[in-house]
Amino acid sequence: MLRPTGSMLLSLLAATILIAPTAAEAQLAAERDLNLGMRTGVGYAASAPDMLLGASVFHLFSDGGFGAVVDFKMGHETIKGSPSYIDEWTTAWVMENRPNDTPLRSGPERNTRHDEWMVVNLGVIRPLTGDFAVILGAGAANRSAIDEFDTTETGVTPTQWYYVTNEEASGWELSLHGSAVIKAGQNVLLRFGYDRAPRMVSFGGYWALPR
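Using numbering that gives the first Met the number 0, the letters of the sequence shown correspond one by one to residues 0 to 210.
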């Protein structure tokens, strides 16, 4: 029969065998960074102030090596759902057929142009250190340009003004972007940058998936 001391030693040995791998795994997880272990990240991407809906994913092809990034962003608000938006009219049509309506070009609270965007970006990510990486890329940005007009005629819309699409100013254009990625936690990466189309500050974050 084992003495109490021998029993305690066996219990400690068994506990050590069970705990050691867990501790090693925890230490490895704590040491994960862009040079070791953080190969894939999924998360949120946005551009302030107009595009707050978006998602992004990156994947490094090797630890500390080059990788690819894909972004999708779009506006979180749209004038096209407003009762004052007239889908059948365009700016060119209004200028030709409704000369008495006034384009709203000035004023402290009103602008003549309201741009709504949808952007798809591709890019390359490259870690410079374990805690810092850069992203450079390009993509396609779709602009939907909307003009606002004032009218003296009643019954056109529920308001005195209305919105129409400016087809000549709408369409696809080249989008360039650059960002910095910073490790902010065991599995968390933050992203800050700038987009050319539209010209806005971009931001977001990633959750690094386990390998």
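No residue lacks a Cβ here, since even glycine has one placed at the ideal position from N, Cα and C.
Report task. Reducing DSSP to helix, strand and coil, say where Thr-90 ends up. Result -> helix
Query raised in the report: Skipping 5 residues on each side, what residues in its chain have a beta carbon closer than 6 Å to that of Glu-166?
Result: Thr-89
**Report entry** Alpha-carbon spacing of Ala-183 relative to Ser-83, whole angstroms
**Finding:** 45 Å
Query - Closest by C-alpha distance to Asp-49, when choosing among Val-68, Asp-32, Val-41, Ala-196 - result: Ala-196
Query - Other residues of its chain near Thr-77: CB distance less than 7 Å, five sequence neighbours each side excluded - result: Glu-115
Query raised in the report: Taking all protein chains shown into account, do 16 or more other C-beta atoms lie within 10 angstroms of the C-beta of Glu-172, making it buried, or fewer, making it exposed?
Result: exposed
Report task. Return the CA-CA distance between Asp-100 and Glu-152, expressed in angstroms with no decimal places. Result -> 9 Å
**Report entry** N- and C-terminal bounds of the beta strand (DSSP E) containing Lys-79
**Finding:** From DSSP, Lys-79 is part of no beta strand (DSSP E); its letter is neither H nor E.
Report task. Using three-state DSSP, classify Glu-95 as helix, strand or coil. Result -> helix
Query raised in the report: Between the beta-carbon of Ala-179 and the beta-carbon of Phe-191, is there less than 9 Å?
Result: yes
Requested in this report: Compute the Euclidean distance between the alpha carbons of Gly-177 and Ile-124, then round it to the nearest angstrom.
Outcome: 10 Å
Query raised in the report: How about Arg-142 and Ala-168: do their beta carbons lie closer than 9 Å?
Result: yes
**Report entry** Residue nearest to Ser-188 in terms of C-alpha spacing, selected from His-113, Leu-35, Thr-164, Gly-42
**Finding:** The sequence given here places Leu at residue 188; Ser does not occur at that position. With distances taken between Cα atoms, Leu-188 lies closest to Gly-42.
Query raised in the report: Can you list, in chain order, the residues of its chain whose CB lies under 8 Å from that of Glu-24, leaving out five sequence neighbours each side?
Result: With a pLDDT of 46 at Glu-24, under the threshold of 50, the modelled position of this residue cannot be trusted, and the question is left open.
Query raised in the report: Roughly how many whole angstroms lie between the Cα atoms of Tyr-205 and Ala-91?
Result: 44 Å
Requested in this report: State the start and end residues of the unbroken beta strand (DSSP E) segment that holds Leu-135.
Outcome: 131-149
Query - Limits of the unbroken beta strand (DSSP E) element including Glu-115 - result: 112-128
Query raised in the report: Beta carbon of Glu-147, beta carbon of Leu-175: below 9 Å?
Result: no
Report task. Identify whether Ala-25 lies in helix, strand or coil by the three-state DSSP scheme. Result -> Any reading at Ala-25 needs caution, since the residue's pLDDT is 47, under 50, leaving its predicted position unreliable; the model's value is listed next. Helix, per DSSP.
Requested in this report: Could you say which of Phe-60, Gln-185, Pro-98, Glu-87 lies nearest to Thr-156 if we only look at CA atoms?
Outcome: Glu-87
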